[in-house]
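For reference, the structure is listed below as structure tokens.
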Amino acid sequence: MFSSPNCKPRKKGGVLPLTMILLIFGTLVLMAVGIQLNRTAERLNNYKILAQKQNILANVIETAGYLLMRSDSIVMSSTWDKIEEFKSKIASRAGIESHYWSDFLSNLTPDTPCVDMSGYINALNDDPAFGNGKYIFDVYVYEIGNKYLITATMREKESDENIDKCGVGFIADIVDVYLPAVRLAASNRVFSVMRNVGGGKGNPKIIGDLVYGKAIILDDVNLLLTDTSTPGEIITGPLTAKSVNIPDIEELYPGWFNHISDDPETIYQKWKSEYLSTLPAAEIQYVLDSDYTLSAVNSDETIVISAPAGVTDPVFTLFFDNSGLRIVYGTSAFIIPSSLVTDNTINIKINGDAVIGNDPHKISSVTGKYNIAIYGDVSINTNLVYDYLVDFVNNGQGNSPVGNKTKEVSLTVISDMLNSSWKDVLSLAAVGGDIRLLFGSSSSTQGNKTIMGNILALKNNGNGGDISFPDISEAIKGKGHTPQLFIFGALTSYTFDKDNQASDILSSLVAVAGYMDPSQTQEAFDSSRRMIGMMIW
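Take 1 as the starting number for the sequence shown in the UniProt record's numbering and just add one per residue.
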């Protein structure tokens, strides 16, 4: 009744083989997943062990640095016969940082005097921070110039086998006679460790920040650290701020951080009044309606330069070069020969806005000693470089001084710059105006700016006070790599990039404290040791 010649009877037994195939396939998948998970777990465990050893070695270097910084006398009375092996370890590591450290260690030999700190450290090796007694450490300190280099390796205590980990730390004397490298009332920048992430030798890709010297930020400070870095690698310190995003910072790094106890606005007004007091009360007025060439300089007077009567919102143009300074308005120029400011500082007050230079890629050589207060906005359309330091910045060909490439800033370079002749000085303030750093839009620019001197953007009567970057978005076209701002001297402002023009573009900020505090004297030099660098491999 229900049969049909078109309906074939279903074959029996077909379900069981299919079920077995699926079960076998599922079992194989589960086994493969299990093996992979086991491998992943083993790899993660290995990474965890490696990270633990790196942290332990970092603790060793920090402790050695702490003892070194508090030592009244350091006597190099030992030698280390394994320094060549140590150097080979670092040289074999990949990365530009390893190359820099290897180059820095190149002159050390088994006969180089050093301090053996192994005994001091191993007396503490039962502490959890040093591995609960599992390891023995070899720690030596070398003196290189006026700096100290800490080398550290570790061994298994039971087997005495070497562990393929090594580390270095760098201690230097920070001289307190300089103004802080940066003084900011407010800043949204997240400061990170400076590092090379690619590019060629002549044009590296540098990201991250380095503040070499004291820093005062009347705001919350955010630091982005790696697992093995320390705050001193970003800001050598000490840092004075409202807060910093590192728990227990004062216990972890004693002496590095100071909490602001005074009212920030009061502190900022003090900065402004301290600078304005450097301008002598005695003034000589010049109206720039014809050419003037100065014949003498009196450091106890302030030269006041104004536009002709009836002119509103004047804009002056300033040109620095080896011959001195030209201040131009229209067809008229005020000329200051460099020979007049070799030994004497000239004090200048300009009533109006100012543009400095006419090419953001070129270098303007500051030759002589200048203290310039501009009562308006200042647009820096060049690289302001002390004449005696041009060679540290110039990457031009022949007689074309340009400074448009990222600097491979090293502690050796900074030390060499600070130890140079100090024959040129610039103090440049925008009073009641902003300082606008111009990078240019040419495809040849690498988006970098170098400024040397005591640079101040001073908010006055509610106006100005910002360091701004109005055209930086145009500066990274073509061959642009990683924009960098390099300040050698001191940077003071009410805000830093308040409109966030550079927050995602300015990859690197380097500020070196290199401007003598006017309130100090040569006899007031007072230095303190700081750990300013560390690397663990």
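Backbone N, C-alpha and C define an ideal beta-carbon position, used for all residues, glycine too.
Exercise for review: From the DSSP output, in three-state form, read off Asn122 for me.
Suggested key: Here residue 122 refers to the residue found at position 122 when the sequence shown is read from its first residue. Residue state, collapsed to three classes: helix.
Review point. Count the other CB atoms within 10 Å of the CB of Met535; is the residue buried (16 or more) or exposed (fewer)?
Key: Start at 1 with the first residue of the sequence shown, and residue 535 comes out as number 535. In this structure Met535 is buried. Its beta-carbon is surrounded by 16 or more other beta-carbon atoms within 10 angstroms.
Check your understanding: On the three-state DSSP scale, how would you describe Pro280?
Key -> Taking the sequence shown and counting its residues from 1, one reaches residue 280 at position 280. DSSP, read as helix, strand or coil, puts Pro280 in coil.
Practice item. Measure the alpha-carbon distance for Val168 versus Ala215 and round it to whole angstroms. Key: Position 168 of the sequence shown, counted from the first residue, corresponds to residue 168. Position 215 of the sequence shown, counted from the first residue, corresponds to residue 215. Rounded to whole angstroms, Val168 to Ala215 spans 25 Å at the Cα level.
Check your understanding: Using the C-alpha atoms, what's the distance from Leu108 back to Lys53?
Key -> Start at 1 with the first residue of the sequence shown, and residue 53 comes out as number 53. Start at 1 with the first residue of the sequence shown, and residue 108 comes out as number 108. CA-to-CA, the gap between Lys53 and Leu108 works out to about 26 Å.
Point to revise | Close Cβ partners of Val328 (< 6 Å) along its chain, the five nearest in sequence each way excluded | key: The sequence position of residue 328 within the sequence shown is 328, counting from 1. Around Val328: Thr317.
Review point. From Asn399 to Ser365, what does the alpha carbon distance come to, in whole angstroms?
Key: As a first step, residue 399 must be located in the sequence shown, where it is residue number 399. As a first step, residue 365 must be located in the sequence shown, where it is residue number 365. Any reading at Asn399 needs caution, since the residue's pLDDT is 46, under 50, leaving its predicted position unreliable; the model's value is listed next. Roughly 13 Å between the two C-alpha positions.
Check your understanding: So Ser493 and Ile467 are in contact, right, with Cβ under 8 Å, and what is the actual spacing, rounded?
Key -> The residue given as residue 493 occupies position 493 in the sequence shown. The residue given as residue 467 occupies position 467 in the sequence shown. The pair is a contact, with the Cβ atoms about 5 Å apart (cut-off 8 Å).
**Study point:** First and last residue of the uninterrupted beta strand (DSSP E) at Lys147
**Key:** By 1-based counting over the sequence shown, the position of residue 147 is 147. For Lys147, the enclosing beta strand (DSSP E) covers residues 147 to 156.
Practice item. In the DSSP assignment, find the unbroken beta strand (DSSP E) run with Lys87 in it and report its ends. Key: The residue given as residue 87 occupies position 87 in the sequence shown. Counting along the chain, Lys87 falls outside any beta strand (DSSP E), though it belongs to the alpha helix (DSSP H) covering 83 to 92.
Check your understanding: Can you give the beta carbon distance from Arg183 to Trp256, rounded, assuming they're within the 8 Å contact cut?
Key -> On the sequence shown, residue 183 is found 183 positions in, with the first residue counted as 1. On the sequence shown, residue 256 is found 256 positions in, with the first residue counted as 1. At roughly 17 Å, the Cβ-Cβ gap does not stay under 8 Å, so Arg183 and Trp256 are not in contact.
Review point. Just the Cα atoms here: how many angstroms apart are Asp499 and Asp164?
Key: By 1-based counting over the sequence shown, the position of residue 499 is 499. By 1-based counting over the sequence shown, the position of residue 164 is 164. Inter-residue distance for Asp499 and Asp164 is about 48 Å (C-alpha atoms, whole angstroms).
**Study point:** Beta-carbon gap between Lys242 and Asp263 smaller than 9 Å
**Key:** Counted from its first residue, the sequence shown places residue 242 at position 242. Counted from its first residue, the sequence shown places residue 263 at position 263. Between Lys242 and Asp263, the CB-CB gap reaches or exceeds 9 Å.
Check your understanding: When you compare only the Cα positions, how much space is there between Thr151 and Asp160?
Key -> Looking up residue 151 in the sequence shown gives position 151. Looking up residue 160 in the sequence shown gives position 160. Approximately 19 Å, taken between the alpha carbons.
Review point. Can Asp387 and Lys423 be called in contact, C-beta distance under 9 Å?
Key: The sequence position of residue 387 within the sequence shown is 387, counting from 1. The sequence position of residue 423 within the sequence shown is 423, counting from 1. Their beta carbons are under 9 Å apart, which means Asp387 touches Lys423 by this criterion.
Exercise for review: Can you give me the Cβ contacts of Asp434 inside the same chain, cut-off strictly under 8 Å, excluding the 5 residues immediately before and after it?
Suggested key: Indexing the sequence shown from 1 puts residue 434 at position 434. Cβ neighbours of Asp434 beyond the five flanking positions: Asp377, Val378, Ala457, Gly464, Gly465, Asp466, Ile467, Ser468.
Practice item. Ignore the nearest five residues each way along the sequence and tell me which others in Thr230's own chain have a CB closer than 6 Å to its CB. Key: The sequence position of residue 230 within the sequence shown is 230, counting from 1. So the list reads Met534, once near-sequence residues are dropped.
Review point. Would the beta-carbon of Ile235 fall within 9 Å of that of Phe191?
Key: Residue mapping note: residue 235 aligns to position 235 of the sequence shown, counting from 1. Residue mapping note: residue 191 aligns to position 191 of the sequence shown, counting from 1. Yes, they are a contact pair.
Check your understanding: Any idea if Asp504 is buried or exposed, counting beta-carbon neighbours within 10 angstroms, 16 or more meaning buried?
Key -> Residue mapping note: residue 504 aligns to position 504 of the sequence shown, counting from 1. Label assigned to Asp504: exposed.
Review point. Helix or strand or just coil, what does DSSP make of Asp103?
Key: Sequence index remark: in the sequence shown, residue 103 carries index 103 (1-based). Helix at Asp103.
Review point. Closest Cβ-Cβ distance between Asp434 and chain D: below 9 Å?
Key: In the displayed structure, chain D is absent; only one protein chain is listed.
Point to revise | From Val287, Leu276, Ile487, residue whose alpha carbon lies closest to that of Gly310 | key: The residue you call residue 310 lines up with position 310 of the sequence shown. Per the Cα distances, Val287.
Review point. Taking DSSP as the reference, what is the three-state secondary structure of Tyr515?
Key: Here residue 515 refers to the residue found at position 515 when the sequence shown is read from its first residue. Tyr515 sits in coil when the DSSP states are folded into three classes, being neither helix nor strand.
Exercise for review: With a threshold of 16 other CB atoms inside 10 Å of the CB of Ser118, please say whether the residue is buried or exposed.
Suggested key: The residue you call residue 118 lines up with position 118 of the sequence shown. Only buried fits Ser118, as 16 or more other CB atoms lie within 10 angstroms of its CB.
Exercise for review: Tell me where the alpha helix (DSSP H) around Leu438 begins and ends.
Suggested key: Within the sequence shown, residue 438 is the residue found at index 438, counting from 1. Careful: Leu438 lies outside any alpha helix (DSSP H) and carries neither H nor E.
**Study point:** Integer Cβ distance of Val315 from Ala354, believed to fall under 8 Å
**Key:** Here residue 315 refers to the residue found at position 315 of the sequence shown. Here residue 354 refers to the residue found at position 354 of the sequence shown. Right, the Cβ-Cβ distance comes to about 7 Å (below 8 Å), so this counts as a contact.
Check your understanding: Residues in its own chain within less than 6 Å of Ser444 by CB, not counting five upstream and five downstream?
Key -> Counting from 1 along the sequence shown, the entry for residue 444 is found at position 444. Low per-residue confidence applies at Ser444: pLDDT is 48, beneath 50, and the placement is therefore not dependable, though the value from the model is reported in the following sentence. Excluding positions up to five away in sequence, the list is empty.
Check your understanding: Which value, in whole angstroms, describes the spacing of the CA atoms of Pro337 and Gly462?
Key -> By one-based count along the sequence shown, residue 337 stands at place 337. By one-based count along the sequence shown, residue 462 stands at place 462. Roughly 36 Å separates the two Cα atoms.
Check your understanding: Can Pro238 and Asn258 be called in contact, C-beta distance under 9 Å?
Key -> Within the sequence shown, numbered from 1, the residue matching residue 238 stands at position 238. Within the sequence shown, numbered from 1, the residue matching residue 258 stands at position 258. Yes. Within cutoff.
Review point. Is Pro483 closer than 9 Å to Ala511 when the C-beta atoms are compared?
Key: Position 511 of the sequence shown, counted from the first residue, corresponds to residue 511. Position 483 of the sequence shown, counted from the first residue, corresponds to residue 483. Remark: C-beta atoms of Ala511 and Pro483 do not approach each other more closely than 9 Å.
Check your understanding: Looking at the structure shown, is Thr79 part of a helix, part of a strand, or coil, going by DSSP?
Key -> Working through the sequence shown from its first residue, we reach residue 79 at position 79. Three-state DSSP puts Thr79 in coil, outside helix and strand.
Point to revise | Where Gly533 sits in the DSSP three-state scheme | key: On the sequence shown, position 533 is the one that residue 533 refers to. Here Gly533 sits in strand by DSSP.
Review point. What are the start and end residues of the alpha helix (DSSP H) that includes Asp391?
Key: Walking along the sequence shown from the start, residue 391 turns up at place 391. Where Asp391 is concerned, the enclosing alpha helix (DSSP H) stretches over 390 to 393.
**Study point:** Check whether Trp80 and Tyr140 have beta carbons under 9 Å apart
**Key:** Here residue 80 refers to the residue found at position 80 when the sequence shown is read from its first residue. Here residue 140 refers to the residue found at position 140 when the sequence shown is read from its first residue. The answer is yes: Cβ separation under 9 Å.
Check your understanding: Rounded to a whole number of angstroms, what is the C-alpha to C-alpha distance between Asp248 and Gly232?
Key -> On the sequence shown, residue 248 is found 248 positions in, with the first residue counted as 1. On the sequence shown, residue 232 is found 232 positions in, with the first residue counted as 1. Between the C-alpha atoms of Asp248 and Gly232 there is a straight-line separation of about 15 Å.
Check your understanding: Under the rule that 16 or more other beta-carbon atoms within 10 Å means buried, what is Glu62, buried or exposed?
Key -> Stepping through the sequence shown from its first residue, residue 62 is reached at position 62. It counts as buried.
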